[in-house]
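Laid out in C-alpha coordinates, this is it:
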(Lines of atoms letter the chains of each structure in order from A and count residues from 1; the text may use other names and numbers.)
(Lines give C-alpha, C1' and ligand atoms only; values in the text may rest on other atoms or scores of the structure.)
Protein backbone atom coordinates (compact mmCIF):
# COMPACT_ATOMS: atom_id res chain seq x y z
CA UNK A 1 0.00 0.00 0.00
CA UNK A 2 1.35 3.39 -1.03
CA UNK A 3 1.94 5.90 1.77
CA UNK A 4 0.08 9.20 1.40
CA UNK A 5 2.01 12.45 1.33
CA UNK A 6 1.56 15.13 4.02
CA UNK A 7 -0.60 17.30 1.77
CA UNK A 8 -3.10 14.48 1.14
CA UNK A 9 -3.21 13.65 4.84
CA UNK A 10 -3.87 17.32 5.67
CA UNK A 11 -6.74 17.37 3.15
CA UNK A 12 -8.27 14.29 4.79
CA UNK A 13 -7.85 15.79 8.28
CA UNK A 14 -9.59 19.02 7.21
CA UNK A 15 -12.50 17.09 5.69
CA UNK A 16 -12.93 14.95 8.80
CA UNK A 17 -12.84 18.02 11.04
CA UNK A 18 -15.42 19.84 8.88
CA UNK A 19 -17.99 17.01 8.96
CA UNK A 20 -17.41 15.00 12.12
CA UNK A 21 -20.26 16.54 14.15
CA UNK A 22 -22.89 16.40 11.38
CA UNK A 23 -25.58 13.76 10.99
CA UNK A 24 -24.54 10.97 8.64
CA UNK A 25 -20.99 12.27 8.26
CA UNK A 26 -19.44 9.17 6.70
CA UNK A 27 -20.83 9.70 3.19
CA UNK A 28 -20.20 13.45 3.37
CA UNK A 29 -16.57 12.83 4.26
CA UNK A 30 -16.15 10.15 1.62
CA UNK A 31 -17.62 12.41 -1.08
CA UNK A 32 -15.24 15.22 -0.13
CA UNK A 33 -12.18 12.96 -0.01
CA UNK A 34 -13.09 11.50 -3.42
CA UNK A 35 -13.58 15.01 -4.83
CA UNK A 36 -10.35 16.42 -3.40
CA UNK A 37 -8.02 13.43 -3.91
CA UNK A 38 -9.74 11.69 -6.82
CA UNK A 39 -10.08 8.45 -4.86
CA UNK A 40 -10.48 7.20 -1.29
CA UNK A 41 -7.27 5.81 0.20
CA UNK A 42 -7.42 3.37 3.10
CA UNK A 43 -5.85 5.99 5.40
CA UNK A 44 -8.91 8.20 4.80
CA UNK A 45 -11.24 5.34 5.75
CA UNK A 46 -9.34 4.86 9.02
CA UNK A 47 -9.51 8.57 9.91
CA UNK A 48 -13.22 8.75 9.03
CA UNK A 49 -13.98 5.63 11.06
CA UNK A 50 -12.12 7.04 14.08
CA UNK A 51 -13.87 10.42 13.85
CA UNK A 52 -17.30 8.81 13.53
CA UNK A 53 -16.66 6.12 16.15
CA UNK A 54 -17.40 3.41 13.58
CA UNK A 55 -15.43 0.31 12.65
CA UNK A 56 -13.23 0.69 9.57
CA UNK A 57 -15.10 -2.27 8.06
CA UNK A 58 -18.33 -0.25 8.07
CA UNK A 59 -16.69 2.70 6.27
CA UNK A 60 -15.07 0.30 3.81
CA UNK A 61 -18.49 -1.27 3.25
CA UNK A 62 -19.91 2.13 2.30
CA UNK A 63 -17.01 2.77 -0.09
CA UNK A 64 -17.40 -0.58 -1.83
CA UNK A 65 -21.22 -0.45 -1.91
CA UNK A 66 -21.51 2.83 -3.83
CA UNK A 67 -20.10 2.64 -7.34
CA UNK A 68 -19.18 6.34 -7.46
CA UNK A 69 -16.45 5.72 -4.89
CA UNK A 70 -13.10 4.30 -5.89
CA UNK A 71 -10.12 3.13 -3.89
CA UNK A 72 -7.74 3.48 -6.84
CA UNK A 73 -6.32 6.75 -8.15
CA UNK A 74 -7.86 7.86 -11.43
CA UNK A 75 -6.25 9.47 -14.45
CA UNK A 76 -6.24 13.18 -15.12
CA UNK A 77 -9.31 12.78 -17.34
CA UNK A 78 -12.07 10.35 -16.35
CA UNK A 79 -14.30 8.91 -19.06
CA UNK A 80 -17.48 7.02 -18.16
CA UNK A 81 -19.29 5.12 -20.88
CA UNK A 82 -22.89 4.22 -20.15
CA UNK A 83 -23.63 0.55 -20.68
CA UNK A 84 -27.31 0.80 -19.72
CA UNK A 85 -29.89 -0.80 -21.99
CA UNK A 86 -30.63 2.20 -24.25
CA UNK A 87 -26.95 3.01 -24.70
CA UNK A 88 -25.95 -0.61 -25.20
CA UNK A 89 -28.61 -1.15 -27.88
CA UNK A 90 -27.47 2.01 -29.70
CA UNK A 91 -23.79 1.09 -29.82
CA UNK A 92 -22.15 1.68 -26.43
CA UNK A 93 -19.91 -1.39 -26.78
CA UNK A 94 -18.38 -0.06 -30.01
CA UNK A 95 -18.06 3.38 -28.41
CA UNK A 96 -16.26 1.89 -25.41
CA UNK A 97 -13.87 -0.07 -27.64
CA UNK A 98 -13.11 3.05 -29.70
CA UNK A 99 -12.34 5.06 -26.56
CA UNK A 100 -10.11 2.31 -25.17
CA UNK A 101 -8.18 2.14 -28.47
CA UNK A 102 -7.62 5.90 -28.60
CA UNK A 103 -6.70 6.25 -24.93
CA UNK A 104 -4.55 3.15 -24.76
CA UNK A 105 -6.11 1.56 -21.73
CA UNK A 106 -8.49 -1.17 -20.72
CA UNK A 107 -12.04 -0.82 -19.43
CA UNK A 108 -12.11 0.14 -15.74
CA UNK A 109 -8.43 1.03 -15.95
CA UNK A 110 -6.07 3.93 -16.29
CA UNK A 111 -3.63 4.58 -19.12
CA UNK A 112 0.05 4.02 -18.30
CA UNK A 113 0.73 7.75 -18.55
CA UNK A 114 -2.09 8.53 -16.08
CA UNK A 115 -3.84 10.75 -18.60
CA UNK A 116 -7.11 8.79 -18.98
CA UNK A 117 -9.23 6.49 -16.83
CA UNK A 118 -12.07 4.66 -18.54
CA UNK A 119 -15.01 3.14 -16.72
CA UNK A 120 -18.00 1.23 -18.04
CA UNK A 121 -20.90 2.43 -15.93
CA UNK A 122 -24.56 1.77 -15.47
CA UNK A 123 -27.19 4.25 -16.57
CA UNK A 124 -26.03 7.87 -16.65
CA UNK A 125 -29.62 9.12 -16.91
CA UNK A 126 -29.40 10.50 -20.44
CA UNK A 127 -31.12 7.68 -22.32
CA UNK A 128 -32.57 10.02 -24.95
CA UNK A 129 -29.01 10.85 -26.02
CA UNK A 130 -27.84 7.23 -26.26
CA UNK A 131 -25.11 6.17 -26.52
CA UNK A 132 -23.64 8.49 -23.90
CA UNK A 133 -20.24 9.08 -22.34
CA UNK A 134 -19.10 11.61 -19.77
CA UNK A 135 -15.66 13.15 -19.91
CA UNK A 136 -14.65 14.83 -16.68
CA UNK A 137 -18.34 15.04 -15.75
CA UNK A 138 -19.49 16.63 -19.02
CA UNK A 139 -22.13 14.62 -20.93
CA UNK A 140 -21.52 13.79 -24.58
CA UNK A 141 -24.45 12.13 -26.33
CA UNK A 142 -25.44 10.61 -29.65
CA UNK A 143 -22.02 8.98 -30.01
CA UNK A 144 -23.01 5.99 -32.18
CA UNK A 145 -20.75 7.35 -34.93
CA UNK A 146 -17.21 7.14 -33.51
CA UNK A 147 -16.07 10.23 -35.44
CA UNK A 148 -17.19 12.73 -32.79
CA UNK A 149 -15.55 10.95 -29.85
CA UNK A 150 -12.35 10.55 -31.87
CA UNK A 151 -12.25 14.30 -32.49
CA UNK A 152 -12.99 15.14 -28.83
CA UNK A 153 -10.28 12.83 -27.49
CA UNK A 154 -7.66 13.76 -30.08
CA UNK A 155 -8.26 17.46 -29.33
CA UNK A 156 -7.76 16.75 -25.61
CA UNK A 157 -4.56 14.82 -26.29
CA UNK A 158 -3.16 17.48 -28.63
CA UNK A 159 -4.03 20.30 -26.22
CA UNK A 160 -2.22 18.55 -23.38
CA UNK A 161 0.72 17.02 -25.17
CA UNK A 162 1.13 19.38 -28.11
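In this note's numbering, the protein residues as written are 455 to 616.
We put the CB at the ideal spot given by N, CA and C, even for glycine.
Keep in mind it's a predicted model, so treat the numbers as computed, not measured.
Inspect the CB distances between the stretch 529 to 544 and the stretch 493 to 511 and report whether three or more fall short of 8 Å.
Using a C-beta cut-off of 8 Å, the stretch 529 to 544 makes no contact with the stretch 493 to 511, since fewer than three inter-stretch Cβ pairs fall below that distance.
Using the rule of at least 16 other Cβ atoms within 10 Å of the residue's Cβ for burial, across every protein chain shown, is residue 461 buried or exposed?
Counted from its first residue, the chain shown places residue 461 at position 7. By the 10 Å Cβ count, residue 461 comes out exposed.
Whether or not the stretch 505 to 522 and the stretch 553 to 564 are in contact is what I'm after, with contact meaning three or more pairs of Cβ atoms, one per stretch, closer than 8 Å; do they touch?
By the C-beta criterion, the stretch 553 to 564 is judged not to be in contact with the stretch 505 to 522, since fewer than 3 inter-stretch pairs fall below 8 Å.
What residues are listed by DSSP as bridge partners for residue 534?
Numbered from 1 along the chain shown, position 80 holds the residue referred to as residue 534. Beta-bridge pairing links residue 534 to 573 and 588.
Excluding the five sequence neighbours on either side, which residues of its own chain have a C-beta within less than 8 Å of the C-beta of residue 594, listed in chain order?
As a first step, residue 594 must be located in the chain shown, where it is residue number 140. Closer than 8 Å at Cβ, skipping near neighbours: 586, 587, 588, 602, 603 and 606.
Could you compute how far the alpha carbon of residue 531 sits from the alpha carbon of residue 520?
Numbered from its first residue, the chain shown carries residue 531 at position 77. Numbered from its first residue, the chain shown carries residue 520 at position 66. Cα-Cα distance, rounded: 21 Å.
Let me confirm a value: residue 495 is counted as buried when at least 16 other C-beta atoms fall within 10 Å, else exposed. Which label applies?
Looking up residue 495 in the chain shown gives position 41. Label assigned to residue 495: buried.
Could you check where the alpha helix (DSSP H) with residue 565 kicks off and where it finishes?
Taking the chain shown and counting its residues from 1, one reaches residue 565 at position 111. No alpha helix (DSSP H) contains residue 565, which DSSP labels as neither H nor E.
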